[in-house]
Amino acid sequence: MGFPTNSTRAGTGEAVELRLPRNKVSPRAKAYWFVRALIGWIVLFAAELVWFLTGDDANAGLHVTGLVVTAVVAAAHLVIMPRWRFAVHRWEITPDAVYTRSGWIDQEWRIAPVSRIQTVDSERGVLQRLFRLSDLTVTTASSAGALKIHGLDVEVAQRAADELTGNAVASEGDAT
Amino acid sequence: MTTLPDVVAEETDTGEDWRRLSPRMLVVHPLNELLRAAPALLAVLVVGATSGRGPWWSVAGAGALVLMGILRWFTTTYRVTPRQVQVRKGLVHRRVLTVPTDRVRTVDVDAQALHRILGLAKVSIGTGRSDKSDEGIKLDALSKDVAERLRGELLHRRPVAVQANENTAENVPAPDPEVVLASLRPGWIKYGPFTLSGFVTVGIVAAFVFRLISESNVDPDRFGPFRVVFHHLSSVSIARAISEAIVTLVVVVVVASTVGYVLAFWNYRLTRHSGGTLHVSRGAISTRSTTIEERRLRGVEISEPLLLRAVKGARILAITTGLRVGRGAERGGTLLLPPAPRAEVERVARDVLTDPAAVSVGLASHGPRARRRRYNRALGMSAILVGFVFVLWATNVVGLDVALVSLVLLPIGALLAADRYRNLGHAVSESPGGATLVGRHGSLVRRRVMLSRDGIIGWNVHQSFFQRRSGLATLVATTAAGHQHYEIVDVELAEALRVADQALPGLVTPFLVHPIA
Chain A
1 MGFPTNSTRA
11 GTGEAVELRL
21 PRNKVSPRAK
31 AYWFVRALIG
41 WIVLFAAELV
51 WFLTGDDANA
61 GLHVTGLVVT
71 AVVAAAHLVI
81 MPRWRFAVHR
91 WEITPDAVYT
101 RSGWIDQEWR
111 IAPVSRIQTV
121 DSERGVLQRL
131 FRLSDLTVTT
141 ASSAGALKIH
151 GLDVEVAQRA
161 ADELTGNAVA
171 SEGDAT
Chain B
177 MTTLPDVVAE
187 ETDTGEDWRR
197 LSPRMLVVHP
207 LNELLRAAPA
217 LLAVLVVGAT
227 SGRGPWWSVA
237 GAGALVLMGI
247 LRWFTTTYRV
257 TPRQVQVRKG
267 LVHRRVLTVP
277 TDRVRTVDVD
287 AQALHRILGL
297 AKVSIGTGRS
307 DKSDEGIKLD
317 ALSKDVAERL
327 RGELLHRRPV
337 AVQANENTAE
347 NVPAPDPEVV
357 LASLRPGWIK
367 YGPFTLSGFV
377 TVGIVAAFVF
387 RLISESNVDP
397 DRFGPFRVVF
407 HHLSSVSIAR
417 AISEAIVTLV
427 VVVVVASTVG
437 YVLAFWNYRL
447 TRHSGGTLHV
457 SRGAISTRST
467 TIEERRLRGV
477 EISEPLLLRA
487 VKGARILAIT
497 TGLRVGRGAE
507 RGGTLLLPPA
517 PRAEVERVAR
527 DVLTDPAAVS
537 VGLASHGPRA
547 RRRRYNRALG
557 MSAILVGFVF
567 VLWATNVVGL
577 DVALVSLVLL
587 PIGALLAADR
597 YRNLGHAVSE
607 SPGGATLVGR
617 HGSLVRRRVM
627 LSRDGIIGWN
637 VHQSFFQRRS
647 GLATLVATTA
657 AGHQHYEIVD
667 VELAEALRVA
677 DQALPGLVTP
687 FLVHPIA
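Protein chains in written order, with the numbering used here: chain A, 1 to 176; chain B, 177 to 693.
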C-alpha cells in the first residue's frame, strides 16, 4: 500500500474510479420494466377515474387536472425509466468476486468475494416468465450484503448460478 | 421425564434425554401476568366492577396468559448433546429448534428480579446466522447453576479440547482463569444523569398511572394530588407554570437516570477467560451476563450521546456475530462498557481489539463538499419546518410569536451541521495483530466504529443523485456482525475506493479503471 491515507486527504484523485461491470442485463428487461410500471400506472389511473365518475361534479376540474398530471408523469416515467435503468444495471462474475451496479436515480455498486457467498437464488415471477427473465440473488452472511441482478435472461442466470455455486461450495467455514 | 431438571443437570454433557425448564417457572408465569394486570386488578378491587367491563376483560386476559405460560412449561423440553442444542416446543404445532454447538457465538444469561428471587436465569444462545429469521434459542428459564454450567460448556468446549490435544491433559474443565479488564468504579455513577435513561422510566410510570386512571374511571380532578397540582399550575402565570414543570421533569429524570445507571451497572465486570471469551456481567436487581466468543468479536463501537460527550463520557458496544443490536444497546447485550470516562473507554477498547492502534489513529476529514452537504441537509430540514410553521401562521392556526420562535431552528440546524461535519472522519489502521476500518459520524450520538478486516465481507458503494453531482459516495462495509453494515458517509469516490482497497486488499482492485498507486 504505497500511499498515505491515514492522516492526509487524497489529492484530486480523479484517476481512481470503478469501471463498469462487463455485462448488461437482457434487453428484454426494458420491456419487462415498462410493462410492470405500466400496470401500476393503469391501476392508479383507473382508481382516479372511478373516483371521478362516482364522486360529485363539484370538483370536476380538480379531477381532470389529476388525471392529466398522472398521464403526463406516467408517460415520462415509462419512456425514461426502462432505458435509464437498463443503462445502469450491469453485472460481472469473476472467479474471485461478484460485482454489480444497480439503481437508476440512486446508484449502487456492490462487490462480494465468492469465498463469502452463502446462497445463490434465481427467482422468476409470473410476469418475468412471459419475458423469459430471471432475477439472481447472491447472499452473504451479512443481511446488508445481498447482490441482486434483475432482468437476466433465464439461461444466462442459470449458467451464472451454476458457476457461482460451483465456486462457492468449495469455500471453508460458515463465511461469517 | 419425571425427574427434575436440576437433579439431572450433572449429566448435561452426556445426557441424551429431553429435559424440562425449571419447575419454578410455574410460579413465575402467574406472578408476571398478575403484575402486568396490576392496574386492572387494582381498578377492580378499588372501584368494583360497577364502572364498566374493561377491567374484567383485562383480568380474564391475564388468566388466559397464565394458562398459556403453564402449558408452555409442559410442552417445552430441551437437550444438550456434545454436537448440538435442541429445543422442542409448541402445543399444537410442534417444533424442534437445533443449533450445532460449533455455531454458538454468544451466550446471554439474564435474570429479572423475580427470576433472581427464585434462583432462575434465562439463557439466550446466539449464532452467526443473523441474516435468517430470529431463530436463536431461548431457554426461559433454568436454575441459575444449570444456566452457568450450560454457558461454560457451550463456549469453552472447543478451546478446552484444543488445549487438551496440545498438552495431553485430561479434558476436565478446570476452574476458569479470568482476567478482569474493567469493573465499575463509584465515580462513574456521575455519568448516570447524562444518559437520559430516566426519560424511559418516567414514561413507563406515566403510562402506568394513565392506565390506572382510565381503567378505574376516576376523574383526575377529584383525585387529591392531581387536584393540588392542577390548582397550583392554573393559579400561576403560564411562563412560571411551564418553567416549574420543566424543572420538575429535569429533576425527576436526573434522579431516575442515576438510579437507573446504578441498577443496570452495579457489579459491572468485564473479564477475559482463557477459553477465548469475553464476559460482561452487571446488574443490581435484575442481572445480566453476556459471554462473547472473542474470535468472533469483529470490532467495537465507541458511542457518545451528546450529553455524555459534553461531560467527556462514552460507552463501548461490541460488534460481534451472534448478538443482534436491539433497541437501546443495553437491551441487546452488546454493551461492553457502561458510560465511563474517555480514558477508561480508550483503554478497554485497546484491550479488546486485535488492532489497538485503531482507537487512537487520526481520522481523515471528508472535505468541503461533504461539509456543504451537511449544511444543505440540516438547514434544508430546518427551513422546511420553519416554512411549515409560517404556513400555519398564514392560515391563522398559530400566532406570530410561535412563527418567530420557530426561526431558532435555523441556527440550531447550522450548529448541528457544523458538529456533524467536524465529527465525520475515516481511516484504516494497521498493526501486527490486524487491520481495522475506522469511521466516525453523528452528532446527537457520535459513533466511532472500528471494524476489523476479518469482519468485512464485501463493499457497497452507494451514490444518491446529489452525491453523484458532487462526486461523493457512501462506502458501506458489509459484515455478519452487529448492525450488518457500517457506513462511511459522503467521502470522495476515489478516497472511498482507496479506503476499501487498503482495508481489504485485492477485492476491489480488478474493478478499478486505473490501479491504485
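Just so it is clear, CB atoms sit at the ideal spot from N, CA and C, and this is done for glycine as well. Note that the structure is a prediction, hence the values are computed from the model and not measured.
Measuring alpha carbon to alpha carbon, tell me which of the options ends up nearest residue i.
i, options, result
"V667 (chain B)", "B:H455, B:G543, B:P401, B:V565", "B:G543"
"N552 (chain B)", "B:Y597, B:A525, B:P514, B:G237", "B:Y597"
"A240 (chain B)", "B:P206, B:K265, B:G615", "B:P206"
"K366 (chain B)", "B:V435, B:P587, B:L202, B:R645", "B:V435"
"A87 (chain A)", "A:P21, A:L62, A:D162, A:T165", "A:P21"
"L586 (chain B)", "B:R281, B:M557, B:F564, B:L512", "B:M557"
"V98 (chain A)", "A:Q128, A:L78, A:L136, A:M81", "A:L136"
"A440 (chain B)", "B:F641, B:L454, B:I461", "B:I461"
"L625 (chain B)", "B:K320, B:F384, B:V562, B:S479", "Checking the sequence shown, residue 625 (chain B) turns out to be Val, not Leu. Out of B:K320, B:F384, B:V562, B:S479, B:S479 has the C-alpha closest to the C-alpha of V625 (chain B)."
"R212 (chain B)", "B:V376, B:T655, B:W364, B:A383", "B:A383"
"G498 (chain B)", "B:A516, B:D595, B:I313", "B:I313"
"R28 (chain A)", "A:L127, A:L62, A:S115, A:G145", "A:L127"
"D286 (chain B)", "B:Y254, B:R464, B:R264, B:S413", "B:R464"
Say whether chain A places a C-beta atom closer than 7 Å to the C-beta of residue i.
i, result
"Q660 (chain B)", "yes"
"Q260 (chain B)", "no"
"R334 (chain B)", "Unreliable positioning characterises R334 (chain B) in this predicted model, as indicated by a pLDDT of 49, which lies under 50. The coordinate reading is nonetheless provided below. By this cut-off, R334 (chain B) is not an interface position."
"L529 (chain B)", "no"
"S640 (chain B)", "yes"
"V614 (chain B)", "no"
"V637 (chain B)", "yes"
"A345 (chain B)", "The pLDDT assigned to A345 (chain B) is 41, lower than 50, so where the model puts this residue is not dependable; a value taken from the coordinates is nonetheless given after this. It does not; no Cβ of chain A falls within 7 Å."
"V235 (chain B)", "no"
"T655 (chain B)", "yes"
"A494 (chain B)", "no"
"L627 (chain B)", "no"
"A695 (chain B)", "No information on residue 695 (chain B) is available, as it lies outside the stretch 177 to 693 that chain B covers here."
What does the alpha-carbon distance come out to for the pair residue i and residue j?
i, j, result
"G647 (chain B)", "R674 (chain B)", "15 Å"
"R196 (chain B)", "A317 (chain B)", "10 Å"
"H408 (chain B)", "V428 (chain B)", "19 Å"
"T530 (chain B)", "E329 (chain B)", "25 Å"
"Y32 (chain A)", "L326 (chain B)", "55 Å"
"R703 (chain B)", "G631 (chain B)", "Nothing in the structure corresponds to residue 703 (chain B), since chain B is present only between 177 and 693."
"V689 (chain B)", "H661 (chain B)", "26 Å"
"T424 (chain B)", "V203 (chain B)", "39 Å"
"G459 (chain B)", "H291 (chain B)", "13 Å"
"A590 (chain B)", "V584 (chain B)", "10 Å"
"S143 (chain A)", "V524 (chain B)", "29 Å"
"L473 (chain B)", "T496 (chain B)", "4 Å"
"T466 (chain B)", "E324 (chain B)", "11 Å"
"L680 (chain B)", "R629 (chain B)", "6 Å"
"A593 (chain B)", "H617 (chain B)", "12 Å"
"D121 (chain A)", "A146 (chain A)", "11 Å"
"V431 (chain B)", "K265 (chain B)", "43 Å"
"I389 (chain B)", "V322 (chain B)", "43 Å"
Compare the C-beta of residue i against all C-beta atoms of chain B and say whether one is closer than 7 Å.
i, result
"R110 (chain A)", "yes"
"L18 (chain A)", "yes"
"R116 (chain A)", "yes"
"A141 (chain A)", "yes"
"Y99 (chain A)", "yes"
Just to make sure I have the definition right: I need the residues of chain B whose C-beta is within less than 7 Å of the C-beta of residue i. Which are they?
i, result
"P113 (chain A)", "G634, L683"
"S102 (chain A)", "Result: empty, since nearest Cβ-Cβ is about 10 Å, beyond 7 Å."
"T70 (chain A)", "Near T70 (chain A) there are no residues of chain B at all, since even the closest Cβ is about 23 Å away, more than 7 Å."
Chain A partners of residue i, CB-CB under 9 Å?
i, result
"R644 (chain B)", "D106, Q107"
"R596 (chain B)", "None at all; the shortest Cβ gap to chain A is about 18 Å."
List the residues of chain A that residue i touches, going by C-beta distances under 8 Å, in chain order.
i, result
"V652 (chain B)", "A144"
What does residue i touch in chain B if you count any residue whose Cβ is under 9 Å from its own?
i, result
"A160 (chain A)", "Those do not exist, as A160 (chain A) stays about 17 Å from chain B at its closest Cβ, beyond 9 Å."
"T94 (chain A)", "P686, F687"
Using only the heavy atoms of the ligand COA, determine whether one of them is closer than 6 Å to the beta carbon of residue i.
i, result
"H602 (chain B)", "This structure does not include the ligand COA; it has no bound ligands of any sort."
- For the region 151-163 of chain A against the region 44-53 of chain A, are there 3 or more C-beta pairs whose distance is under 8 Å? No, the region 151-163 of chain A is not in contact with the region 44-53 of chain A.
- Is it a yes or a no for the region 107-122 of chain A touching the region 23-39 of chain A, going by three-plus beta-carbon pairs under 8 Å? By the C-beta criterion, the region 107-122 of chain A is judged not to be in contact with the region 23-39 of chain A, since fewer than 3 inter-stretch pairs fall below 8 Å.
- Cβ pair count under 8 Å reaching 3, the region 243-258 of chain B against the region 295-304 of chain B: Because the criterion of three Cβ pairs below 8 Å is not met, the region 243-258 of chain B and the region 295-304 of chain B do not touch.
- Message: I'd like to know if the region 442-450 of chain B and the region 477-488 of chain B are in contact, where contact means that at least 3 CB-CB pairs between them fall below 8 Å.
- Response: Of all C-beta pairs linking the region 442-450 of chain B to the region 477-488 of chain B, fewer than three are shorter than 8 Å, placing the two stretches out of contact.
- Query: Is it a yes or a no for the region 354-372 of chain B touching the region 508-515 of chain B, going by three-plus beta-carbon pairs under 8 Å?
  - Reply: The answer is yes - the region 508-515 of chain B touches the region 354-372 of chain B, with three or more Cβ pairs under 8 Å.
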